[in-house]
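Peer 1: Be aware that the sequence shown starts at 23, since it is given in the numbering used here, and climbs by one per residue.
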Amino acid sequence: MLKKKLKKAISVFQWLLTTVLVLVVLLLIFTAFNPVKSFQIFRVMSGSMEPKIKVGSVVFVQKVKPETLKEGNIITFTSREDPNISITHRLIATEEKEGQTVFKTRGDANNSDDISETLPGQIKGKVVFSLPFLGYLSVWIRKPLGFGLLVILPALLIIISEILNIKKAIEKEVEKKYADAKDAKKKFRSLSLLIFFLLGISLFQIKPTNAYFSDVVVVGSNTFSMGWWADETVPDSEVDLLSDYQNTSNFNVNYTAFDSDSGVKEVQLYYSYNFGDWQLFGTDTIIDNEFQFTSPAGDGLYEFFTIAIDNAGNIEDDWNENGILEEDEFPFGGDTFTTVDTTPPVTMLSPSDLMAVANEQLYNGGFENGNLDGWTGSGNGEHEVVDTDNQTGNYSAIIGFKDIVPSAEPAYDSIKQTVSLPSVITSTFSFWYRLLTESDVSGGFFDAFVTPIGSDPITVAHDGWDDVLLSDENLDWKNVTYQLNDLEGKDIEIEFKVTQPYEGYKTWGYLDDVKVCAATNSATTTTNFSFSSHDGSGVDNSTINYSIDGVSQGKYTLPFTLSEGVHSISYSSTDEVGNSETSKQATISATVAPVDFGVVLNEFLPNPAGSTDIALKPGGEWVKLYNNSTADIDVTGWKLKDASGGNLTISGVVPAGGTLIIYRDGDPDFTINDQTETISLYNDSDLVDSYRYDFATGIAEGKSLKREPDGTGGWKDPEVGPEATPEPTPEPTPELILIPLPEIATELASPSALIIAPEPSPEPTPELTSEPSLPPDLPIQEPIVIEEILNETAE
């Protein structure tokens, strides 16, 4: 009974194997001999048609007339660039161009149509169906292990089996009684080995190759042949063309690799960054024709080439034939190149007559993009953007060691950025910082540097343990402003750095509102403006969108004109690869060009200490004028105007090389705001000078804004010092008073008598009158007195 069941099971299994053998033979016939000329089989080794056709599938393609194809069909066609490359994509449209039909295609997994249109002569056919995973098996069989297991080993086993059969035939009579059973086992074993052998051959033929061993064996009435080729030919590979730019750091680098003999074993991808040395990126042993490139050096120009190695050990471009690719065998140029650009453009707003930057020149100085775009971090700290502690806006940058404990002595952390300064106007570098520590003896400190390219660094700020213990009073936000004198038209590198000299202690700093901008603080002497954008991949100025005072102006095309006054301008642009700039804002005080009268605004006190803004002099707010000329200038009748339109009529004389203080003196119409203000000086209708400032937190009591040096320098942010206290204004030299003599004096040799007024005591007020008059404390001699004196002398 058991013997019967076993015999039945063997019979069923043999039937299944026979069926598989028939299918394998059919697959072999199709792949090796292609009896049905209208069908072809291709291996799919990239994922552009997923999920419909998986990577590693085998597709069966039926030859059809191109005019019968419909939208939605999956077709196989040859590449325009290389007819040896076949592509399988979906047909999405058929068009007529220049008298012929063209086909538009796209991979199901792609976001855009194929760049090249397909002509009827390129089409190989329509995909009828696909079988998954057989493609991987066909690749594996080209490797030594796969070729040996599915081709060589079954063939050898068949040969050995037949040799044993011949040997046993001699003993046929002896073992005749066991013939039936042994014949069945022999057939079963032979059939299994034959299936493996034929399956291996058919899979091998999916991609035609001549890599096989050779031998002939004749055993009895059976003849078996095997063959192989000696492989001394190097493989060939090439990187497919890439687009000029990539707006992502991670992208596919596709390649083709071919070996006519033993097959490709592996492909290596090399890259060069900004024309530097070649670096090995990775090795592909699956031969799936693509690398996932990650831009290890960041934004910049990348060149690529590939090196293929076949299963016989031949290396592409191994001209020295030593089995190693050496540096002198690297190509001078790659197969293709692309520029990685993930950084948005930077748009500048400029007075069009000077083409000098009027707005902030530093990229992402407020960190409102939520990242460190534009900055380069270094050190072993935690430089990043946070929203937990900030001076303005929603974000600030942290550098140093807050959550990370330094494990070295000393430890440091920093961020840097290079800025190009305009050549026409002087710029100012300003920022807010806050230095923190976990204890008052941690020893850490903060530095800010400005380094003109090619020169030594300039220390702009230095704060920390070696100056003063980091007590609670030293931990508030602080503002620093540095005038970038004599650096016009140069490139500078700004750097913020936190240093912790001792292992195990924490020190960190916050940065916010970092600016490099025109020293005039966006106050201009023109009403004509223009935009310009700068970017690594290029940017078209027509992509700039802008608005003026909340009203959209659409796309920027030509320089535009502002009306006189203060305006809020918003603007942004998009570069050629699709990176969009975060909208920026600038406040511009646009005025006509001033007339040079020699007098300029020199200092403001917006927030007087110990008195109200509107107090009578010498208290209250005041403005100081400076005379740059060599002659006294009478400013009586001139006016000071504020941003709201209020004005103050002034009087007095500004001495040559000296100053005159104009007090508000209780005037309710004129105001000097301590947060945002524009103060202008007019002589009748002519603008003489103007300055605008903007401090979100307001100017503290007793702090003034002033030029440094007087009269000609840039404006310096509020500072406590002697300049915040008005010094007495020098009085003009007293005038000579001429008094006519009566007729009795005609006999004198002198036609008149002079009475010289004594030098008056200094007045508390700096206001001067232009009308000549005697000081009030000088007694005036009556003419009769003089007459008496003269008469006595005449006698």
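Positions of the beta carbon are idealized from the N, C-alpha and C atoms, including for glycine.
1. Please report the distance separating the alpha-carbon of GLY572 from that of GLY680.
2. Restricting to Cα atoms, I'd like to know which of ASP411, GLY387, GLU525 and THR116 is closest to GLN607.
3. Tell me the rounded alpha-carbon separation between GLY736 and CYS539.
4. Determine the burial state of ASN336: buried for a count of at least 16 other Cβ atoms within 10 Å of its Cβ, exposed for fewer.
5. What's the C-alpha gap between SER372 and ILE610?
6. Strictly under 7 angstroms for the Cβ-Cβ distance: is SER265 near chain B by that measure?
7. Would you kindly report the start and end of the unbroken beta strand (DSSP E) that includes LYS728?
8. Closest to ILE516 by C-alpha separation, out of THR529, ASP357, VAL150 and PRO474, would be which residue?
9. Who are the Cβ neighbours of TRP454 in its own chain at under 6 angstroms, not counting the five residues just before and after it?
10. Our contact map puts LEU647 next to LEU682 with C-beta atoms below 8 angstroms; I'd like the distance itself, whole angstroms only.
11. For SER243, which of helix, strand or coil comes out of DSSP?
12. Would ARG729 pass as a contact of ASN649 if the rule is Cβ separation under 7 angstroms?
13. Can you grab the Cα-Cα spacing for the pair ASP266 / THR358, in whole Å?
14. Can you grab the Cα-Cα spacing for the pair ASP732 / ASP711, in whole Å?
15. Run through DSSP, which three-state label would ILE75 get?
16. List the endpoints of the continuous beta strand (DSSP E) containing HIS484.
17. In chain order, what residues of the same chain lie with their CB nearer than 6 angstroms to the CB of ALA279, ignoring the 5 residues before and after it?
18. With the cut-off set at 7 angstroms, would you say LYS428 and GLU525 are in Cβ contact?
19. Taking the beta carbon of GLU312 as the centre, do at least 16 other beta carbons fall within 10 Å, making it buried, or is it exposed?
20. Quick test of the definition: if touching needs 3 or more C-beta pairs under 8 angstroms, does the stretch 295-304 touch the stretch 622-636?
21. Could you check whether ASN601 and PRO257 sit closer than 7 angstroms to each other, using their CB atoms as the reference points?
22. For a quick check, are the C-beta atoms of ARG112 and ASP130 less than 7 angstroms apart?
23. Would you grab the beta carbon distance between VAL86 and GLY147 for me? Rounded to a whole angstrom, and I think it's under 8 angstroms.
24. PHE468 to ALA483, Cα distance in whole Å?
25. Buried or exposed for SER243, please, with buried defined as at least 16 other CB atoms from any protein chain shown within 10 angstroms of its CB.
26. Please work out which residues of its chain come closer than 6 angstroms, Cβ to Cβ, to THR305, disregarding the five sequence neighbours upstream and downstream, and give them in chain order.
27. Would you mind sorting VAL675 into buried or exposed? The rule is 16 or more other CB atoms within 10 Å of its CB.
28. Would DSSP call PRO88 helix, strand or coil?
29. Considering only their Cβ atoms, is the gap separating PHE64 from VAL81 smaller than 7 angstroms?
30. Between which two residues does the beta strand (DSSP E) carrying GLY401 extend?
31. Check whether the Cβ atoms of GLN505 and THR450 lie closer than 7 angstroms to each other.
32. Compute the Euclidean distance between the alpha carbons of ILE145 and ILE420, then round it to the nearest angstrom.
33. What distance in whole Å lies between the Cβ atoms of LEU263 and ASN296, which are believed to be in contact at a cut-off of 8 angstroms?
34. Please return the same chain residues whose Cβ sits closer than 6 angstroms to the Cβ of TYR568, not counting the five positions on each side in sequence.
35. By how many angstroms is the C-alpha of VAL441 removed from the C-alpha of ASN276?
36. Report the three-state DSSP secondary structure of SER183 (helix, strand or coil).
Peer 2: Reading from the atomic positions:
1. About 43 angstroms.
2. GLY387
3. Spanning the two alpha carbons is a distance of roughly 12 angstroms.
4. buried
5. 10 angstroms
6. Given the protein chain composition of this structure (a single chain), no chain B is represented.
7. 726-730
8. PRO474
9. GLN413, TRP499, ASN501, ASP534 and ASP535
10. 5 angstroms
11. Because SER243 sits at a pLDDT of 45, beneath the cut-off of 50, its placement in the model cannot be relied upon, and the point is left open.
12. Taking 7 angstroms as the Cβ cut-off, ARG729 and ASN649 do not qualify as a contacting pair.
13. 9 angstroms
14. 14 angstroms
15. coil
16. 480-486
17. SER259, VAL286, VAL289 and ALA330
18. Here residue 428 is Pro; the residue named in the question, Lys, does not match the sequence. Yes; because the gap between Cβ atoms is below 7 angstroms, this pair is in contact.
19. Around the beta carbon of GLU312, a 10 Å sphere encloses 16 or more other beta carbons of the protein chains shown; the residue is thus reported as buried.
20. Contact between the stretch 295-304 and the stretch 622-636 is absent, because fewer than three Cβ pairs lie under 8 angstroms.
21. Against a cut-off of 7 angstroms, the Cβ pair of ASN601 and PRO257 comes out as no contact.
22. yes
23. 6 angstroms
24. A straight-line Cα-Cα distance of about 8 angstroms links PHE468 and ALA483.
25. Residue placement at SER243 cannot be trusted, given a pLDDT of 45 that sits under 50; what the coordinates show is reported in the next sentence. That one is exposed.
26. Exclusion of the five residues before and after THR305 leaves GLU288 and GLN290 as the residues of its chain whose Cβ lies within less than 6 angstroms of its Cβ.
27. buried
28. helix
29. yes
30. 398-401
31. yes
32. 59 angstroms
33. About 20 angstroms separates the two Cβ atoms, so there is no contact after all.
34. Here the set comprises GLN575, TYR578 and TYR593.
35. 37 angstroms
36. helix
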